[in-house]
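Just below is one structure, and these are the notes that go with it.
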Amino acid sequence: MNINMKSKRIVASIMALSLVSSGAIASEPSVIGKLILSNSISASAATVYGDWEYEITGDHTAKLVKYNGKDAEISIPQGIDGYSITELGEKLFFNNTAVKSVKIPRGIQSIPSYCFGNASNLESVAIPLGVTNIKSGAFARTINLKSIALPLSVDTIESYAFDGSALTSINMRDVKNMGEGICRNCTDLKEVTLYSGLNTLPISAFDNCTNLCSIVLPDDLTTIEKYAFRNCTNLAEINTPGSLVTIKDSAFLDCTSLKNVPCSDSTVTICNSAFKNCKDLEEVTFSDSVAEIGISAFAGCEKLGSISIPESVKKIGSYAFRDCTGIISADLNCNTDTKFGSNCFQNCAALENINVSDLDILTKLFNVRVFADCKELRTVNNEAVVIDNENSAEPEFVEKYRSVIIENFDAIDDSEIGFFNDFLNAEIKYVVSTNVNDDMSDMEKIKTLHDWLCNKVTYAYTVKNGKNVPDPSHTNHVDASAFLKDSTVCDGYARALTLLLNEAGVEAYYVNSATHAWCIVRVGDHYFHVDATHDDLDYPDKAIGYDHFLISDTDIRKCSGGHTSWSIDAPTSRYKYTVPAEKPECLYSVGDVNLDGKINVDDADLIWYYCNGDIDSIDLVLADANFDGKVDWQDYLAAFDRELPRG
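Residue numbers -26 to -1, 1 to 621, in mature numbering (1 follows the signal peptide of the UniProt record, and there is no 0), belong to the letters of the sequence shown in order.
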């Protein structure tokens, strides 16, 4: 075989020499000549020796570049064809499905990139002393390689070296240099030993190692890079290196079994999503060195029961503790210099109390909706914020908190914080209980609360270019607008009236278009539009009109100001109704007794005949033209005044 291999190499060399010589004879090499020259060089670059292909790298050295055999057990030769093998080529066994075990000879210093990549049946590799470097992807996706013994000489493992392998354990106590993702997707990996002097745990080092249960981090570790332990769903305990300064983005994201956080007295920065969705995490203790807690850093940590933010923290990112549904109390030992992102504690559904060392910080907290959807939050510094007078008087805010709440009520309203929900619900109950009673018909309740609202507020204008225009302030577009202010816009009217009517037991819906808002209500078997804004806005001296009160789809479309189309909405959780799949049809206006789409003398005559006993029945809802809950002679007169539509 040696003779044949040598012969092949000699023949190839002679052919190459003759081709080069013939090319040199020509005064100007042709394109074909160049191609021949190129091919001759490549032909001599790799030589076949049995199942191996190799390249000569020196006078007496060579590199194996390809294995063409089908053997399951392979011992890589120390020498070949008179040359010492000192290097292995990239992808030497790449995609090889036959090989199960490989013994690497002495003299090899590096295992190259993807040398064993995708060798799907590889079970063992003997690496000799002297190998110092395992390069990128060297053992990537070796799905049957369960263990590997690294010699003491290995001090560098490059990126993704064991990505997707079947390793169950790995001892890297002498590996000083680690690339990113070295054990990523090793879903069977359970035990890891790291170099004691390691300073940085690289990006995605153990990302998605779903069976990794525990790991000892080196005492000198200062940085855990992003995704280092992401989705290590069985990682329950981790030690706290005293030197740890930074925990990068998503380092422990989705570690659903983790019970502790490795924050030391040196830890300064906990980055974005660092511990997001660590659902078993029960306690976090921040030292006085922590300066920054990133966006969503602890979001979704459902078992956290309490949080204490030290004064050292200068920045808390948006959603930092969102959906931490077990937190009952939060101590915010911060000052007015601390920067809060939006919705830091959003949907902390069990949060009942916050402790603040400085009341001035509340403005900042409320403005950025830090406590959005914290519907159980009712106390500050363990003191009630709202005084509910049980319908004997309007509810009140405790004096020390009143000004900051009133100044920021729109943001607090948006957040649906528990104490504000209590206040608004008590206010609505008080208004309803002092204005309507159970003896009233739905028609009377609607008119009474409509009139109360029109008397309570005026339309909110601001001046722009010397003209009155609707005030765009956000305070006019929240549920509490009409209750805490003397003026509002259509959105405030519609929200307030809908909430009042629902509390009074009337079926009512909030309705909006692109530019306007109003209500739809039900009386008996009929649905009607009610636009309190226009009934208030279009009449001077606080007179109340009824041209937009209990009218049909057809009549509302004839009105000015954005009534051509609409949809039903429930702007906040305070609206207890289910938005109907189909909008109810408002077929007639009150007063249109003969159902002809107009209110005129013909309708008045029918009311006359009914009151006079000339006819036995009439639609008692449509005939109640003065909205007092009964049909009598007053409705006959009211029908003349109510001729619609008026625009």
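Using N, Cα and C, we set each Cβ at its ideal position, and we do this for glycine too.
A quick note: this is a predicted structure, and the numbers were derived from the prediction, not measured.
Quick one: is residue i buried, meaning 16 or more other Cβ sit within 10 Å of its Cβ, or exposed?
i, result
"I589", "exposed"
"D262", "exposed"
"N321", "buried"
"L569", "exposed"
"L141", "buried"
"N395", "buried"
"Y435", "exposed"
"V443", "exposed"
"I15", "The predicted position of I15 is uncertain, since its pLDDT is 36 and thus under 50; a value taken from the coordinates is nonetheless stated next. Exposed, because fewer than 16 other Cβ atoms sit within 10 Å of the Cβ of I15."
"I108", "buried"
"A517", "exposed"
"I380", "exposed"
"L126", "exposed"
"D598", "buried"
Residue i and residue j: beta carbons closer than 7 Å?
i, j, result
"G498", "V567", "no"
"T230", "K253", "yes"
"A271", "I302", "no"
"T489", "G536", "yes"
"A506", "C560", "no"
"L195", "P176", "no"
"S247", "L218", "no"
"A304", "I328", "yes"
"L255", "L227", "no"
"E555", "I581", "Checking the displayed sequence, the identity of residue 555 turns out to be Ala instead of Glu. No; because the gap between Cβ atoms is not below 7 Å, this pair is not in contact."
"L75", "S98", "The question names Leu, but residue 75 is Ser in the sequence shown. Yes, these two residues count as a Cβ contact at 7 Å."
"N185", "N159", "no"
"I189", "I221", "no"
"L474", "L423", "yes"
"T116", "S87", "no"
"A114", "C89", "no"
"D347", "E390", "yes"
"I54", "Y28", "yes"
"A323", "R296", "no"
"E350", "G392", "yes"
"V330", "L306", "yes"
"A454", "F383", "yes"
"A456", "A478", "no"
Do you know offhand how far residue i's Cα is from residue j's?
i, j, result
"C275", "G315", "18 Å"
"L(-10)", "I85", "Because the pLDDT at L(-10) is just 38, under 50, the model does not fix this residue reliably, and the value given afterwards should be weighed accordingly. Their Cα atoms are separated by approximately 34 Å."
"N95", "V73", "6 Å"
"S563", "F502", "7 Å"
"V105", "G81", "8 Å"
"R204", "F180", "7 Å"
"E481", "R496", "5 Å"
"A166", "A123", "Reading off the sequence, residue 166 comes out as Val, not Ala. For V166 and A123, the distance between alpha carbons rounds to 12 Å."
"D593", "N586", "15 Å"
"D602", "D615", "15 Å"
"N309", "V242", "18 Å"
"P79", "G63", "14 Å"
"D425", "C533", "20 Å"
"V406", "V452", "19 Å"
"K150", "D129", "5 Å"
"N450", "R376", "19 Å"
"N399", "H448", "21 Å"
"F397", "N409", "18 Å"
"G571", "I494", "18 Å"
"T71", "G43", "11 Å"
"N411", "I402", "14 Å"
"P192", "T161", "23 Å"
"D527", "N182", "58 Å"
"D521", "D388", "32 Å"
"I573", "S547", "38 Å"
"V354", "K289", "21 Å"
"P51", "I267", "55 Å"
"E373", "K459", "18 Å"
"D610", "A578", "Per the sequence shown, the amino acid found at residue 610 is Tyr instead of Asp. Roughly 5 Å between the two C-alpha positions."
"N92", "S280", "47 Å"
"H34", "A202", "44 Å"
"A491", "T337", "30 Å"
With a threshold of 6 Å (Cβ to nearest heavy atom), would residue i be considered close to the ligand MN?
i, result
"I589", "For the structure depicted, the ligand MN is absent and the ligand set is empty, with no information on it obtainable."
Measure how close the beta-carbons of residue i and residue j come, nearest whole angstrom, since I'm counting them as under 8 Å.
i, j, result
"Y483", "Y551", "7 Å"
"A100", "K65", "At roughly 20 Å, the Cβ-Cβ gap does not stay under 8 Å, so A100 and K65 are not in contact."
Please report whether the beta-carbon of residue i lies at a distance below 7 Å from any beta-carbon of chain C.
i, result
"T243", "Of the chains in the structure shown, none is chain C; there is only one protein chain."
The segment 480 to 488 / the segment 439 to 449 touching (three or more Cβ pairs under 8 Å): Contact fails: fewer than three Cβ-Cβ distances are below 8 Å.
Any 3 or more C-beta pairs closer than 8 Å across the segment 336 to 347 and the segment 359 to 369: Between the segment 336 to 347 and the segment 359 to 369, the count of C-beta pairs closer than 8 Å stays below three; the two stretches do not touch.
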